[in-house]
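**Student:** Residue numbers (our numbering): 91 to 210.
C-beta atoms are modelled at their ideal positions from N, C-alpha and C, and glycine is treated no differently.
As the structure is a computational prediction, the values presented were derived from the model and not from experiment.
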Amino acid sequence: MKDIKAYQANFIYFVSLVFVSLWSYNATGLQHALIPAGIGILLSLFHKTLKQGEKLSFYIVAIITLLSCISFVLPLERVIRLGDTVGIIRMSILILLGVMASIVYALHLSSFTQRSNKSQ
Numbered sequence: 091m092k093d094i095k096a097y098q099a100n101f102i103y104f105v106s107l108v109f110v111s112l113w114s115y116n117a118t119g120l121q122h123a124l125i126p127a128g129i130g131i132l133l134s135l136f137h138k139t140l141k142q143g144e145k146l147s148f149y150i151v152a153i154i155t156l157l158s159c160i161s162f163v164l165p166l167e168r169v170i171r172l173g174d175t176v177g178i179i180r181m182s183i184l185i186l187l188g189v190m191a192s193i194v195y196a197l198h199l200s201s202f203t204q205r206s207n208k209s210q
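Structure representation (structure tokens):
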């Protein structure tokens, strides 16, 4: 995972948020299924600045990603309770990709810290 750049992890995560959200909306017809798509669109706005290496964008994206992962736990509990196997798969995909993106962000954060310590 160390070879994946932060902007690449962000790209994979925001695309998956949009597609899984549309899949969920198509399957359920519930409007709140579009919330992850909104989060994905928000994260996509930071793609260019992440690619340029701006630290502030990095921190904002990391926080949004972490909060979105946490917010998907309750819907996962709900679909588990209902026994909705496809819903469990959809929510698990979002949580797993969010956790993987968060790990990539943590690795890049440690490299930011190491670079700033070397320059001092």
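Of the residues D174, G173 and F101, which one's Cα is nearest the Cα of T139?
**Tutor:** F101
**Student:** For I94 versus V194, is the C-beta distance shorter than 7 Å?
**Tutor:** yes
**Student:** Quick one: measure Cβ to Cβ for I131 and V108, integer angstroms, because I've assumed they're closer than 8 Å.
**Tutor:** 7 Å
**Student:** Please report the residue range of the alpha helix (DSSP H) in which K95 lies.
**Tutor:** Here K95 belongs to no alpha helix (DSSP H), and DSSP marks it neither H nor E.
**Student:** Which residues mark the beginning and the end of the alpha helix (DSSP H) in which G261 is found?
**Tutor:** For the chain, the structure presents residues 91 to 210; residue 261 sits outside this window and is missing.
**Student:** Tell me whether V151 is buried or exposed, calling it buried when 16 or more other Cβ atoms sit within 10 Å of its Cβ.
**Tutor:** buried
**Student:** Considering only C-alpha positions, which residue in the set Q121, D174 and S106 is nearest to L184?
**Tutor:** S106
**Student:** Run the CB neighbour count on R36, radius 10 Å, all protein chains shown included, and call it buried at 16 or more, exposed below.
**Tutor:** Past the boundaries of the shown model lies residue 36; the chain is included only from 91 to 210, so the question cannot be answered.
**Student:** Would you check if the distance between the CB atom of H137 and the CB atom of Y97 is smaller than 7 Å?
**Tutor:** yes
**Student:** Figure out for me which residue from S158, A191 and D174 has the closest Cα to the Cα of T118.
**Tutor:** D174
**Student:** Classify A191 as buried or exposed, calling it buried when 16 or more other Cβ atoms lie within 10 Å of its own Cβ.
**Tutor:** buried
**Student:** Which same chain residues end up closer than 6 Å to L187 when comparing Cβ atoms and leaving out the 5 residues on each side of it in sequence?
**Tutor:** Y103 and S106
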